[in-house]
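Asker: Structure in structure tokens, see below.
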Amino acid sequence: MTETPLPNEPAHVEAKAVALLLLMAALVLGFVIYVMYARGVFDSTQRLVLEAEDSEGVTPGMDVTFAGFPIGRVQKVELGADAKVNILVDVPKADARWLRVSSVFTVERSVVGETRIRAFSGILTDPPLPDNAHRTVLRGDAAAEIPRLLATARALLENLQTMTRDGSPINDSLANIDKVTGSLSGKYGLLGGALGGDAQAQKLMQTLDGVNGILAKADRRVFAKGGVMDDTQAAVVELRHVLEDARGSLAKVDAVLVEAQAVGANARVATQDLGSLRGEVDASLRKVNRLVDELNRKWPFATKSEIKLP
Amino acid sequence: MPLLSANRFKHPGAGLLRYLHSWWAALHLGSIALVMVLSPSTYGQAQRRATARYIYASTWQVLPWFTMLTAVLALVIIRIVVVTAASYGLSRYALEMVVRVLVLELIPLSAALFVALRASMAFDASAFAGAAGSRLRQLRIDIAPLVISHAFAVLSLAMVTSCTVLLLAYVNLYGLSPWGLPAYTRTVGRVFDPVVTMGFLLKTMLLGMAVAVIPSAAMLDLQRGPGRLQSRASSMQPGAVRLLFVLLLIEAASLALKYI
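Note that the protein sequences, when read in sequence, are chains A and B.
Going by my numbering, the first sequence opens with residue 2, and the numbers climb by one from there.
Going by my numbering, the second sequence opens with residue 262, and the numbers climb by one from there.
Okay, here's the thing in structure tokens:
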């Protein structure tokens, strides 16, 4: 290569090279700044310390979500002096308003996928969570449920095995059911199965035939012409007539009672007059009595009244 | 073949020594190139012009269509990943997977392979033969601009394509709506933790250095031996196998550091 330009050299080679250099510098710088922004380097944050029993699945950089939205990022996971795991979380100040003193934090580990740390704030009117707050995190572990699930499933399978082995009650019951259903398919069907055999069912059938004959005879006696029902009907008609007569008699009695009531009323009036009459007679008698006493006093033959002392 | 001369069979250790020496030559050239890149005296008028020509040839001419080609391939991969993740109910992991697989791993490697392939196609041993003179002058005039331009090509192709793929991934997941930006930014931030970001940039630069240094070192190595250049003038680019090995080694080391 020489310092003189080549004959086939494109125009503005140096300018293009400088443009490329500037473009690359801008791209690398922009990329680094974007990554720093994406990692929250420029955010003002507050620290939250979550205390857990187990740090499995919790890694630096993972999100803390609230209602599905990431509001914080795990910065560090360390083992504390009290053998508890401290998960240090940086929460941007803008998102810290969703965390209250009453907020609850959970670590959930699913069978498929990553572990998730979630925050729940039930009462948003509580005071905001202070900086450097320590909170105990609750653990919801789907994988931890598997051993318990397996134990339950094993117990269930053992029960099932016990139930289905030879001589088990369920097998006996099924055998009995099989016997019953077998007898149901006999000549007398359900009746034979219920009574314990065809002979008994046959007896029952004969009894039913006899009952049928009796019922036919009773029908003839009761419902045939001149039977009990006809007599009963005539008696009912007669009874109706008797009742009509009785109703007439009662109407007459009612009238008599009305008369008697009127007589009673008159007697009451008369009794009241008799009282006043008696008063008048008493007054007249008292007058006559006084008159007789007057006459006696004035009468010459009246005995002299004297009082003798002993 | 002339390379399998009787001399090689006479001295079994000579091959190994030459092999080790060629590795040492590559490392030596890499160090010299790095020092010259950082040295202000390298950026004289002539060197600047030569570097500009190399950058124009290795980056400016290929950047548009390499970006377009990679974008089409990336679009297919993104679509496959997104649809597959959605069918298993794992959509929220789709973006992370796209970023990890495409941006962090495939794109830097494909940019490095592309630049290496293009350099091998443009390989012309006689150019070096003609320039043979003062070794330092040759390094300053020819090799340093070439090394700088190839390393820059790998870095720029990887960066431009990575940004394009990040944009494509966003559009694929959220459409043209801006409302997915916070969630997208958060996911990207979660993937690019400081270690991964530094690893990504470092790996891209190492790939660029490998692509730039190893073929040039191999070419210089050819000039040293009498008759070697003439015998290899029409064969494949020297150091191709070694370059492939180093590229895979860098990629494997990067994967091991990140995921093991």
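Idealized CB from N, CA, C, for every residue including glycine.
Here the structure is a predicted model, which is why all the values come from computation and not from measurement.
(1) Give the single residue among A:Lys94, A:Thr116, A:Ala82 and A:Pro148 whose Cα lies nearest to the Cα of Gly62 of chain A.
(2) Could you round the C-beta distance between Ile124 of chain A and Phe106 of chain A to whole angstroms and report it? I think they count as a contact, below 8 Å.
(3) List the residues of chain B whose Cβ lies closer than 8 Å to the Cβ of Glu10 of chain A, in chain order.
(4) Within a Cβ cutoff of 6 Å, which residues of the same chain sit near Ser283 of chain B, ignoring the five residues on either side of it in sequence?
(5) Given Leu216 of chain A, which residues of its chain have a CB within under 8 Å of its CB, disregarding the five upstream and five downstream residues?
(6) Answer with yes or no whether the minimum CB distance from Val413 of chain B to chain A is below 9 Å.
(7) Taking only three categories from DSSP, how would you classify Gly141 of chain A?
(8) Nearest chain A C-beta to Trp440 of chain B closer than 9 Å, yes or no?
(9) Going by CA-CA distance only, name the one from A:Leu22, A:Ala16 and A:Lys309 that's closest to Ile409 of chain B.
(10) Which residues mark the beginning and the end of the alpha helix (DSSP H) in which Phe224 of chain A is found?
(11) Per DSSP, which residues does Ile511 of chain B bridge with? Please list them.
(12) Please confirm whether Val90 of chain A and Ala53 of chain A have their CB atoms less than 9 Å apart.
(13) In the DSSP assignment, find the unbroken alpha helix (DSSP H) run with Lys17 of chain A in it and report its ends.
(14) Taking only beta-carbon positions, decide if Thr446 of chain B is within less than 9 Å of chain A.
(15) Going by the CB atoms, is the gap between Gly187 of chain A and Asp199 of chain A shorter than 9 Å?
(16) Quick check: what's the CA-CA separation for Thr328 of chain B versus Val337 of chain B?
(17) Is DSSP giving Gln322 of chain B helix, strand or coil here?
(18) In whole angstroms, what separates the C-alpha of Leu416 of chain B from that of Leu504 of chain B?
(19) Since Tyr315 of chain B and Leu407 of chain B should fall inside the 8 Å C-beta cutoff, what is the C-beta to C-beta distance between them, to a whole number of angstroms?
(20) Using only the alpha-carbon positions, how far apart do Phe453 of chain B and Leu509 of chain B sit?
(21) Smallest Cα separation from Thr312 of chain B: which of A:Arg149, A:Ala16, A:Asp127 and A:Gly276?
(22) Taking just the CA atoms, how far does Asp283 of chain A sit from Val243 of chain A?
(23) How about Glu159 of chain A: is its C-beta nearer than 9 Å to some C-beta of chain B?
(24) Looking at Val474 of chain B and Leu290 of chain B, is the spacing between their C-beta atoms short of 9 Å?
(25) Compute the Euclidean distance between the alpha carbons of Val359 of chain B and Tyr520 of chain B, then round it to the nearest angstrom.
(26) Ends of the alpha helix (DSSP H) at Lys288 of chain A?
(27) Using DSSP with H/G/I as helix, E/B as strand and the rest coil, what is Gly391 of chain B?
(28) So if DSSP puts Phe506 of chain B in a beta bridge, which residue, or which two residues, is it bridged to?
(29) Helix or strand or just coil, what does DSSP make of Val92 of chain A?
(30) I want to see whether chain A comes within less than 9 Å of Leu367 of chain B, judged by CB atoms only; does it?
(31) Counting only Cβ-Cβ distances shorter than 8 Å, please list the residues of the segment 287 to 321 of chain B near chain A, keeping chain order.
(32) Please classify Gly276 of chain B as buried or exposed, where buried requires at least 16 neighbouring CB atoms within 10 angstroms.
(33) Using three-state DSSP, classify Lys85 of chain A as helix, strand or coil.
(34) Grab me the residues of Ile368 of chain B's own chain with a C-beta within less than 8 Å of its C-beta, minus the 5 sequence neighbours each way, in chain order.
(35) Roughly how many whole angstroms lie between the Cα atoms of Arg447 of chain B and Phe70 of chain A?
(36) If you measure from the beta carbon of Phe32 of chain A to each beta carbon in chain B, is any gap under 9 Å?
Answerer: Working from what's here:
(1) Of A:Lys94, A:Thr116, A:Ala82 and A:Pro148, the residue nearest in Cα terms is A:Thr116.
(2) Not confirmed; about 15 Å, so no contact.
(3) Going along chain B in sequence order, the residues near Glu10 of chain A (Cβ under 8 Å) are Arg314.
(4) The answer, listed in chain order, is Asp482.
(5) Counting only Cβ-Cβ distances below 8 Å, and skipping sequence neighbours, we find nothing.
(6) Checking the displayed sequence, the identity of residue 413 of chain B turns out to be Phe instead of Val. Taking Cβ atoms only, chain A reaches closer than 9 Å to Phe413 of chain B, which makes this a yes.
(7) If DSSP states are grouped into helix, strand and coil, Gly141 of chain A belongs with the strands.
(8) So, not an interface residue.
(9) Out of A:Leu22, A:Ala16 and A:Lys309, A:Leu22 has the C-alpha closest to the C-alpha of Ile409 of chain B.
(10) Where Phe224 of chain A is concerned, the enclosing alpha helix (DSSP H) stretches over Asp199 to Phe224.
(11) Looking at the DSSP assignment, Ile511 of chain B forms no beta bridge with any residue, so it has no partner.
(12) Contact: no.
(13) Val14 to Ala39 is the span of the alpha helix (DSSP H), which, as asked, contains Lys17 of chain A.
(14) Interface residue, yes.
(15) Contact flag set, yes.
(16) Taken atom to atom, the span from the alpha-carbon of Thr328 of chain B to that of Val337 of chain B is near 14 Å.
(17) For Gln322 of chain B, the secondary structure class from DSSP, reduced to helix, strand or coil, is coil.
(18) Cα to Cα, the separation comes out at about 17 Å.
(19) The beta carbons of Tyr315 of chain B and Leu407 of chain B sit about 6 Å from each other, so the pair counts as a contact at 8 Å.
(20) Their Cα atoms are separated by approximately 22 Å.
(21) It is A:Ala16 whose Cα lies nearest to the Cα of Thr312 of chain B.
(22) Across the structure, Val243 of chain A and Asp283 of chain A are spaced so that their CA atoms are roughly 59 Å apart.
(23) Glu159 of chain A does not count as touching chain B.
(24) Yes, they are a contact pair.
(25) Spanning the two alpha carbons is a distance of roughly 16 Å.
(26) Its alpha helix (DSSP H) spans residues Val229 to Lys299.
(27) Because the pLDDT at Gly391 of chain B is just 47, under 50, the model does not fix this residue reliably, and the point stays unresolved.
(28) In the DSSP assignment, Phe506 of chain B is bridged to no other residue.
(29) In the three-state scheme derived from DSSP, where H, G and I count as helix and E and B as strand, Val92 of chain A is classed as strand.
(30) Not a single C-beta of chain A is nearer than 9 Å to the C-beta of Leu367 of chain B.
(31) Residues Gln306, Ala307, Arg309, Arg310, Ala311, Thr312, Ala313, Arg314, Ile316, Tyr317, Thr320 and Trp321.
(32) Around the beta-carbon of Gly276 of chain B, fewer than 16 other beta-carbon atoms lie within 10 Å, marking it exposed.
(33) Per DSSP, reduced to three states, the secondary structure at Lys85 of chain A is coil, with no helix or strand assignment.
(34) Here Ile368 of chain B has Thr331, Ala335, Ala419, Thr422, Ser423 and Val426 as same chain residues with Cβ atoms under 8 Å from its own Cβ, once five neighbours each way along the sequence are excluded.
(35) The straight-line gap from Cα to Cα measures roughly 11 Å.
(36) For Phe32 of chain A, the answer is yes, since a Cβ of chain B falls inside 9 Å of its Cβ.
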